[in-house]
Ligand SMILES: [Zn+2]
Ligand SMILES: [Zn+2]
Ligand SMILES: [Zn+2]
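Residue numbers (the working numbering): 216 to 500.
1) Mapping DSSP to helix, strand and coil, what is residue 302?
2) Our contact map puts residue 434 next to residue 443 with C-beta atoms below 8 Å; I'd like the distance itself, whole angstroms only.
3) Using only CA atoms, which one of 257, 243, 226 and 231 lies nearest to residue 218?
4) On the premise that residue 389 lies in contact with residue 422, defined as a C-beta separation below 8 Å, what is that separation, rounded to the nearest angstrom?
5) Is residue 471 near ligand 2, in the sense that its beta carbon is under 7 Å from a heavy atom of that ligand?
6) Are there any heavy atoms of ligand 1 lying less than 7 Å away from the beta-carbon of residue 488, as far as the coordinates show?
7) Suppose only complete runs of 4+ residues qualify. What are the alpha helix (DSSP H) ranges in the segment 369–420, listed by chain order?
8) Check whether the Cβ atoms of residue 501 and residue 276 sit closer than 8 Å, and answer yes or no.
9) Classify residue 372: buried if its beta carbon has 16 or more other beta carbons within 10 angstroms, exposed otherwise.
10) Less than 8 Å between CB atoms is the rule here; does residue 314 satisfy it with respect to chain B?
11) Using the Cβ count rule (16 or more neighbours within 10 Å means buried), how would you classify residue 437?
12) Straight-line CA distance for residue 322 to residue 352?
13) Could you say if the segment 223–234 and the segment 284–301 meet the contact criterion of at least three C-beta pairs nearer than 8 Å?
14) Beta carbon of residue 441, beta carbon of residue 461: below 8 Å?
15) Residue 500 and residue 398: beta carbons closer than 8 Å?
16) Which residue from 473, 495, 471 and 418 puts its Cα closest to that of residue 459?
17) If I follow the unbroken beta strand (DSSP E) through residue 217, where does it start and stop?
18) Assign residue 472 to one of two classes, buried (16 or more other C-beta atoms within 10 Å of its C-beta) or exposed (fewer than that).
19) Should residue 484 be counted as a contact of ligand 1 given a C-beta to heavy atom distance under 7 Å?
20) How close, in whole Å, do the beta carbons of residue 341 and residue 328 come, if the pair is a contact with beta carbons under 8 Å?
21) Quick one, which of 249, 484, 477 and 414 has its alpha-carbon nearest residue 362's?
22) With a threshold of 8 Å on Cβ separation, who are the neighbours of residue 239 within its own chain once the five nearest residues in sequence on each side are excluded?
23) Beta carbon of residue 302, beta carbon of residue 266: below 8 Å?
24) Please return the same chain residues whose Cβ sits closer than 8 Å to the Cβ of residue 338, not counting the five positions on each side in sequence.
25) At which residue ranges does the segment 330–363 contain complete beta strand (DSSP E) runs of 3 or more residues, listed in the order of the chain?
26) What is the rounded straight-line gap between the Cα of residue 290 and the Cα of residue 487?
27) Quick check: what's the CA-CA separation for residue 425 versus residue 495?
28) Out of 416, 260 and 236, which one is the CA nearest neighbour of residue 457?
29) Quick check on this structure: which residue in 250, 300 and 385 has the alpha carbon closest to the alpha carbon of residue 331?
30) Do you know how far the Cα of residue 365 is from the Cα of residue 498?
31) Look up residue 438 in the DSSP assignment and say whether it is helix, strand or coil.
Shown next as structure tokens:
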């Protein structure tokens with residue numbers, strides 16, 4: 216499987232919209248790998264993962280053709296991952312699609328279905344997916360796992376316990392295990408450290424590629440919902456301890472906020488056992 220990282224920043228991009236912090240000023244001058252657009256990836260040139268507000272730029276910059284994409288895996292509905300207004304441009308007159316072609320199917324949680332209900336047409340379809348229930352997507356076995364994301368300490372819909380704390384979920388955010396031809400890829404954005412149920416599910420399933428949320432970069436923060444370098448290292452060790460990874464597993468840190476971001480080389484020094492994602496990077500396993 217070939218995973219192409221199209222956008223590798225968190226919601227505000229890096230440099231961030233409107234930001235004048237030291238990192239963002241440096242990134243604007245440095246260009247190249249220091250410029251990161253909003254999150255999204257492409258698997259084997261055919262399965263799109265998330266569709267944020269920079270997806271159109273990703274299509275142009277990488278010579279992609281979204282008109283041929285049949286499957287879109289959505290992790291959650293935060294705007295940097297799910298631009299419903301751009302997705303809705305697949306409807307007639309905005310897009311001309313030959314008669315008889317199948318619709319593009321969005322796989323996602325209940326909230327994705329609700330948002331799509333208002334624009335659903337013959338050209339867009341929805342399939343609700345749930346944690347730990349594997350679905351076939353164009354010959355790939357895709358299993359959603361439960362992300363620790365879209366959570367807060369008060370309010371929200373579902374109480375969940377995470378590391379001894381009660382939190383409330385506003386939606387069932389997911390991340391994806393994708394398997395094909397004996398290879399396994401884990402795309403874990405956005406999420407905090409994995410739940411015990413996720414770890415139990417992954418135990419003994421050796422992963423070839425693990426892509427971890429590194430929003431906080433060098434920072435150690437107390438809020439729940441994303442990871443940084445410290446948590447990434449810990450998740451790697453736990454996966455290895457549970458037989459879900461070994462020294463051949465490729466680990467990638469991805470989805471960076473400007474707040475915890477260091478120049479590319481310094482970030483690589485901070486996470487020597489990881490590849491540091493950059494816009495356009497391709498990893499094949
Ligand atoms: Zn995000
Ligand atoms: Zn900044
Ligand atoms: Zn998010």
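Here a beta-carbon is modelled for each residue, glycine too, at the ideal position from N, C-alpha and C.
Note that the structure is predicted; figures quoted are calculated from it, not measured.
From the atom records:
1) helix
2) 5 Å
3) 257
4) With a Cβ gap of about 17 Å, residue 422 and residue 389 do not count as contacting.
5) no
6) no
7) 411–417
8) Past the boundaries of the shown model lies residue 501; the chain is included only from 216 to 500, so the question cannot be answered.
9) exposed
10) No chain B is present in this structure, which holds just one protein chain.
11) exposed
12) 9 Å
13) yes
14) no
15) yes
16) 418
17) 217–222
18) buried
19) no
20) 5 Å
21) 414
22) 229, 230, 231 and 473
23) yes
24) 305, 306, 307, 310, 312, 318 and 319
25) 339–343, 350–352 and 355–361
26) 27 Å
27) 17 Å
28) 416
29) 300
30) 28 Å
31) coil
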